[in-house]
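Residue numbers (my numbering), protein chains in the order written: chain A, 1 to 106; chain B, 1001 to 1106; chain C, 2001 to 2106; chain D, 3001 to 3106. Report on one structure; see the data block that follows.
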């Protein structure tokens, strides 16, 4: 399945409700943060959480990210891939294996 | 383009660096929240931000969301579509038009 | 020592820099979230973090909370105490002992 | 009124419910982030929010911050004041007046 299907479903959902006016980039950035907090709440007091509950909370985060990507006229998958290239450069595989620290940090 | 391409690129990126051990659902939920905060920082003092900067910060959020979806063995696009159905029910188009409040709230 | 000392130090700090205009409640709420994300980053990949680093990141969160309390003309300590009374009612000691779940949840 | 009163009230509240075991620094950092997201939700779709609602959501953020300060054996007011000194150095009053950008950034 393709992100294009999701993109169109979101567009229609927003259009039907006349909600585009609320979807300023700033509001969508706030919304991503708010929903990421609700996702985090699944793990507030321990490291294990019911997978169906986590999936349900998780869904809202990329939803708002996709709406923001739409406002910026960027493709969500493309920006993820582009960032992966940047991150690969910051953390070269041969030196980053198994470690989370940056090797070229000041 | 398809999420499958991104999914495979992420899988390879993680495998090359032996980072899977860090990708517990709890750590990925924390990471989504942390990156959503960095995205929000683009709009900390005003509502307008340089689009390329926003796109760059935005990329990290769905990246971690996709990694979490992988851990939960769910398809990110499918859970977004499934949640859209639930949200459509909470906010029926004919009553939600142009408003953000829930009509059936207690 | 008293919060009044901190309150005055913050007021002077802001006044000297003419930063009050940036301190709308919305911007201060965003700032609290952003800084909470930076605090969380100390624990992104594991549960243990260097205490001095945590203290340094922690400081920014109540700083913005106090600035927001100032904008709302409320006393930060008083609202914390008031909320404690509400929470004590939601989680009566005799029933909440050692558990995090709400007893009167629907 | 003094933070010592709040500190003791929080200590008693936690003791009565035997909740100290949940208050690891990592869990308290997550909690601060989660609550900061709920505070931010007051401003999700616009810049103006009902002050009593904001105060109520605000209270939870410094509450968790104080609990974390307790775990780190630091005084919340002292770390705020210490950070203010560091920030004053990053943003000297004579150069930072009315602007939010760092003058010594690379």
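Beta carbons are placed, not taken as given, at the ideal position from N, Cα and C, and that holds for glycine.
Member of the options whose CA lies at the smallest distance from the CA of residue i
i, options, result
"residue 123 of chain A", "A:29, A:12 and A:21", "No answer is possible for residue 123 of chain A: the residues shown for chain A start at 1 and end at 106."
"residue 1051 of chain B", "A:94, A:34, A:71 and A:97", "A:71"
"residue 46 of chain A", "D:3041, D:3032, D:3027 and D:3064", "D:3027"
Residues near residue i in its chain [Cβ-Cβ closer than 8 Å; skip 5 each side]
i, result
"residue 1039 of chain B", "1054, 1057, 1058, 1060 and 1061"
"residue 75 of chain A", "3 and 69"
"residue 25 of chain A", "68, 71 and 72"
"residue 3014 of chain D", "3020, 3023 and 3067"
"residue 1032 of chain B", "1061, 1064, 1065 and 1068"
"residue 79 of chain A", "69"
Burial state of residue i (16 or more Cβ within 10 Å)
i, result
"residue 2003 of chain C", "buried"
"residue 3086 of chain D", "exposed"
"residue 2005 of chain C", "exposed"
"residue 3105 of chain D", "Caution applies to residue 3105 of chain D, whose pLDDT of 35 falls short of 50 and renders its modelled position unreliable; the value that the coordinates give is listed next. Exposed: under 16 other Cβ atoms inside 10 Å."
"residue 1095 of chain B", "exposed"
"residue 1012 of chain B", "exposed"
"residue 3098 of chain D", "exposed"
"residue 1092 of chain B", "exposed"
The alpha helix (DSSP H) enclosing residue i, as first and last residue numbers
i, result
"residue 2021 of chain C", "Careful: residue 2021 of chain C lies outside any alpha helix (DSSP H) and carries neither H nor E."
"residue 2098 of chain C", "It is not in any alpha helix (DSSP H) - residue 2098 of chain C carries neither H nor E in the DSSP assignment."
"residue 27 of chain A", "25-40"
"residue 3044 of chain D", "No alpha helix (DSSP H) holds residue 3044 of chain D; DSSP gives it neither H nor E."
"residue 1054 of chain B", "1051-1071"
"residue 80 of chain A", "76-90"
Same chain, Cβ closer than 6 Å to residue i, five either side skipped, listed in chain order
i, result
"residue 3077 of chain D", "3003"
"residue 1034 of chain B", "none"
"residue 2007 of chain C", "none"
"residue 2084 of chain C", "none"
Nonlocal neighbours in the same chain, by C-beta distance under 7 Å from residue i, ignoring five residues either side
i, result
"residue 3049 of chain D", "3042 and 3043"
"residue 3017 of chain D", "none"
"residue 1001 of chain B", "With a pLDDT of 43 at residue 1001 of chain B, under the threshold of 50, the predicted position of this residue should be treated as unreliable, though the coordinate-derived value follows. Counting only Cβ-Cβ distances below 7 Å, and skipping sequence neighbours, we find nothing."
C-beta contact flag for residue i and residue j at 8 Å
i, j, result
"residue 81 of chain A", "residue 1009 of chain B", "yes"
"residue 2088 of chain C", "residue 3036 of chain D", "no"
Contact with chain F by residue i, beta-carbon distance below 8 Å
i, result
"residue 3013 of chain D", "Among the protein chains in the structure shown, which are A, B, C and D, there is no chain F."
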